[in-house]
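Trainee:
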Ligand SMILES: C[S@@+](CC[C@H](N)C(=O)[O-])C[C@H]1O[C@@H](n2cnc3c(N)ncnc32)[C@H](O)[C@@H]1O
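Numbering (the working numbering), first residue to last: 518 to 789.
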């Protein structure tokens, strides 16, 4: 089964393995703060947890460590990632982890199954995010919660020296939209939860800064593979990415560089 939205791990980056490493770096970058906010939203050990769009399993791995007495269901549509995660986590997970290959819009899971659901960097890629939130609402227990973690194109990074991202960002937005995704989803997360029936909606931001965690943690995120892949696919020209690539080189060569990233975490409750 292949994703029907704007993310396909096999073609998102120039190299599949580079994409896996990019996803891993993205999890490690802000896990500490994301887990803190998840707990603040009510995630607790012993809960029955759904992770939707679990990919190669790096976020699942962190959840398993954070919640040693929880059972976790990792739901993933892509057959290659589904199998990769199962192999990666086989030894660590024991019988607490359940892998399901299905779409988040049609999980096939029973009503009222989970205490807590998390969807990280998934909704940005979906054609119908409200349908996905409705399906999660259905399979949450009364009183259960959904946290959607995503960013927004206008927020994503701040760097010093600045990266010339305007053209690349617009082209990325267009390419994602043509495949059903929405790179500006951050602004819409609260409405999506509301339309799907959730109440008690709240929104938090997780900010990571290289002065606090080191610039090395951010560098894998500057992998130019996804942008060069758009060039290969004819969605952006070499001349359009030139200023970005020059500024990227200048950024990487600057001894005193810094970088910040921003994730949004929106939480909704299935109120009784
Ligand atoms: C950008 S990756 C994020 C992976 C992981 N959540 C993380 O934070 O590293 C998005 C994931 O969602 C999966 N996905 C896309 N559409 C999906 C759908 N309709 N149902 C379930 N998973 C989906 C993709 O295959 C991919 O593994």
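Idealized CB from N, CA, C, for every residue including glycine.
For residue 680 and residue 741, I'd like the C-alpha separation in whole angstroms.
Mentor: Roughly 13 Å separates the two Cα atoms.
Trainee: Cutting at 7 Å between CB atoms, please list the residues of its own chain near residue 610, excluding the five before and the five after it.
Mentor: Correct list, in chain order: 581.
Trainee: Give a yes or no on contact between the region 678-698 and the region 706-721, applying the rule of three or more CB pairs nearer than 8 Å.
Mentor: With a cut-off of 8 Å, the region 706-721 and the region 678-698 do not count as touching, because too few Cβ pairs lie within range.
Trainee: How about residue 595: is its Cβ closer than 6 Å to a heavy atom in ligand 1?
Mentor: Indeed, a heavy atom of ligand 1 lies less than 6 Å from the Cβ.
Trainee: Only counting the same chain, and skipping five residues up and downstream in sequence, which positions put a Cβ closer than 7 Å to that of residue 533?
Mentor: Contacts found: 526 and 527.
Trainee: By the DSSP assignment, the alpha helix (DSSP H) with residue 742 in it spans what residues?
Mentor: Taken as a continuous stretch (DSSP letters only), the alpha helix (DSSP H) holding residue 742 covers 742-749.
Trainee: Output yes or no for whether 7 Å exceeds the beta carbon distance between residue 591 and residue 622.
Mentor: Not a contact, by the Cβ cut-off of 7 Å.
Trainee: Return helix, strand or coil for residue 703, following the three-state DSSP convention.
Mentor: DSSP places residue 703 in helix when its eight states are reduced to three.
Trainee: Use the C-beta contact count for residue 573: other C-beta atoms within 10 angstroms, 16 or more gives buried, fewer gives exposed.
Mentor: It counts as buried.
Trainee: I need the straight-line Cα distance from residue 569 to residue 769, nearest angstrom please.
Mentor: About 34 Å.
Trainee: Under 6 Å from any heavy atom of ligand 1, does the C-beta of residue 637 make it?
Mentor: Yes, ligand 1 has a heavy atom inside 6 Å of this Cβ.
Trainee: Would residue 556 be called buried (16 or more neighbouring beta carbons within 10 Å of its own) or exposed?
Mentor: Its Cβ having fewer than 16 others within 10 Å, residue 556 is exposed.
Trainee: Beta carbon of residue 665, beta carbon of residue 634: below 7 Å?
Mentor: The answer is no: Cβ separation not under 7 Å.
Trainee: Just curious, the alpha helix (DSSP H) that residue 728 is in, first and last residue?
Mentor: 727-730 is the span of the alpha helix (DSSP H), which, as asked, contains residue 728.
Trainee: Mapping DSSP to helix, strand and coil, what is residue 682?
Mentor: In this structure, residue 682 counts as coil in the three-state DSSP scheme.
Trainee: For a test of your reading of the model: does the CB of residue 605 fall under 6 Å from any non-hydrogen atom of ligand 1? Yes or no.
Mentor: Answer for residue 605: no, Cβ out of range of ligand 1.
Trainee: If we count the other Cβ atoms within 10 Å of its Cβ and call it buried at 16 or more, is residue 599 buried or exposed?
Mentor: With 16 or more other Cβ atoms within 10 Å, it is buried.
Trainee: Quick one: residues in its chain with C-beta nearer than 8 Å to the C-beta of residue 655, no 5 flanking neighbours on either side, listed in chain order?
Mentor: Excluding sequence neighbours, residue 655 sits near 628.
Trainee: So the alpha helix (DSSP H) residue 541 belongs to, where does it begin and stop?
Mentor: From DSSP, the alpha helix (DSSP H) with residue 541 extends over 533-558.
Trainee: In whole angstroms, give me the CA-to-CA distance for residue 606 and residue 756.
Mentor: Their Cα atoms are separated by approximately 42 Å.
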